[in-house]
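**Student:** This is the structure, below, for whatever I ask next.
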Amino acid sequence: MTMPHEHHHEPNAEQPAVHGMLIVGEVRVLMSHLPMFHAPHDYQIIIETSLSAPGFDPRQKYVDDRHATLAPIYTWVPKPFVLSDLLKPNPASPTMVGAIFRGHFERGGIAITGDDVEARVERILYSRRLIASDPPLTERRYVIFGSPSEPFLAHVITRPPDFDQITAVEIAAPRADWLTDSRGVGVALKIDGIDRAINAPLREGDQVNATQLDAPSAGSAVLTVRREFYLETGDLAP
Numbered sequence: 001m002t003m004p005h006e007h008h009h010e011p012n013a014e015q016p017a018v019h020g021m022l023i024v025g026e027v028r029v030l031m032s033h034l035p036m037f038h039a040p041h042d043y044q045i046i047i048e049t050s051l052s053a054p055g056f057d058p059r060q061k062y063v064d065d066r067h068a069t070l071a072p073i074y075t076w077v078p079k080p081f082v083l084s085d086l087l088k089p090n091p092a093s094p095t096m097v098g099a100i101f102r103g104h105f106e107r108g109g110i111a112i113t114g115d116d117v118e119a120r121v122e123r124i125l126y127s128r129r130l131i132a133s134d135p136p137l138t139e140r141r142y143v144i145f146g147s148p149s150e151p152f153l154a155h156v157i158t159r160p161p162d163f164d165q166i167t168a169v170e171i172a173a174p175r176a177d178w179l180t181d182s183r184g185v186g187v188a189l190k191i192d193g194i195d196r197a198i199n200a201p202l203r204e205g206d207q208v209n210a211t212q213l214d215a216p217s218a219g220s221a222v223l224t225v226r227r228e229f230y231l232e233t234g235d236l237a238p
């Protein structure tokens, strides 16, 4: 983790670790931390990044590889750093250095770049500390993030057993303003309209009603789940 100044960590403070992330998006490179309910991985964080590397364009390399293979999963594997440093107020954007993998980096993924790619964090789109003792939700919650041309949903993780899910969606008017540049962050939504338990993942082809949690009177929109990029339950089991 390269920061504008050095952070010193107390003996009981969070220690540097490898924090793998799912990569989605093409126009904007978006990363979602692959969390667990134990430290130091107990954060759900979604970020927008910009990529650079010596001698080539890693964003274009990733996009070209995705188009050629149609693989759903791409992961970012940074060198060890302190995850919570991403959330500290800082006038300069933090950066990570690592490699891009086609597939899950711990499950047979293949590196498509060297480990010298720099990912600069442009924006924190969503963040939440995971506490296993939190009360269960009484409604299905997701965060919509990305852009009007590339909208994604991320399931809001609360307590075990739970699941991490990222899907591409189509968002109907009039609520495309959820993803305008002026907002710049993920928007938390209540999702209903499907006859399944609230702890059941969405499925490709689902059409759901979405209502903004902090502005329910502003109306809702219909979202269609187009593609599932990631679904994980094992890492979030009790």
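This note's numbering puts the first residue of the sequence shown at 1, with every later residue one more than the last.
All C-beta atoms in this analysis are idealised placements derived from N, C-alpha and C, irrespective of residue type, glycine included.
Just so it is clear, the structure is predicted and the values come from calculations on it, not from any experiment.
Could you compute how far the alpha carbon of residue 146 sits from the alpha carbon of residue 79?
**Tutor:** 25 Å
**Student:** Restricting to Cα atoms, I'd like to know which of 51, 15, 29 and 196 is closest to residue 41.
**Tutor:** With distances taken between Cα atoms, residue 41 lies closest to 15.
**Student:** What's the C-alpha gap between residue 113 and residue 74?
**Tutor:** 12 Å
**Student:** To the nearest angstrom, report how far apart residue 105 and residue 156 are at their CA atoms.
**Tutor:** 23 Å
**Student:** For residue 191, tell me which candidate among 116, 123 and 143 has the shortest Cα-Cα distance.
**Tutor:** 143
**Student:** Measuring CB to CB, does residue 227 end up less than 8 Å from residue 150?
**Tutor:** no
**Student:** Roughly how many angstroms separate the alpha carbons of residue 99 and residue 56, rounded to a whole number?
**Tutor:** 13 Å
**Student:** Using only alpha-carbon positions, find the residue among 194, 43, 51 and 200 that is nearest to residue 115.
**Tutor:** 51
**Student:** Which word fits residue 168, buried or exposed, when buried means at least 16 other C-beta atoms lie within 10 angstroms of its C-beta?
**Tutor:** buried
**Student:** Leaving out the 5 sequence neighbours to the left and right, which residues in its chain are closer than 8 Å to residue 203 when beta-carbon positions are compared?
**Tutor:** Hits under 8 Å: 225 and 228.
**Student:** From residue 134 to residue 43, what distance separates their C-alpha atoms?
**Tutor:** Inter-residue distance for residue 134 and residue 43 is about 14 Å (C-alpha atoms, whole angstroms).
**Student:** Would you grab the beta carbon distance between residue 95 and residue 119 for me? Rounded to a whole angstrom, and I think it's under 8 Å.
**Tutor:** 7 Å
**Student:** In three-state DSSP terms, what is residue 159?
**Tutor:** For residue 159, the three-state secondary structure derived from DSSP is coil.
**Student:** Three-state secondary structure (DSSP) at residue 235?
**Tutor:** Residue 235: helix per DSSP, three-state reduction.
**Student:** With respect to the alpha helix (DSSP H) encompassing residue 65, which residues constitute its N-terminal and C-terminal limits?
**Tutor:** Residue 65 -> alpha helix (DSSP H) spans 58-69.
**Student:** When you compare only the Cα positions, how much space is there between residue 39 and residue 235?
**Tutor:** Cα-Cα distance, rounded: 13 Å.
**Student:** How is residue 218 classed by DSSP in three states: helix, strand or coil?
**Tutor:** helix
**Student:** Apply the 10 Å Cβ neighbour rule to residue 7 and answer buried if 16 or more other Cβ atoms are within range, or exposed otherwise.
**Tutor:** The predicted position of residue 7 is uncertain, since its pLDDT is 33 and thus under 50; a value taken from the coordinates is nonetheless stated next. With fewer than 16 Cβ atoms within 10 Å of its Cβ, residue 7 is classed as exposed.
**Student:** For residue 4, is the classification buried or exposed, using 16 other Cβ atoms within 10 angstroms of its Cβ as the cut-off for buried?
**Tutor:** Note that residue 4 scores 27 on pLDDT, short of 50, meaning its location in the model is unreliable and no value can be drawn from it.
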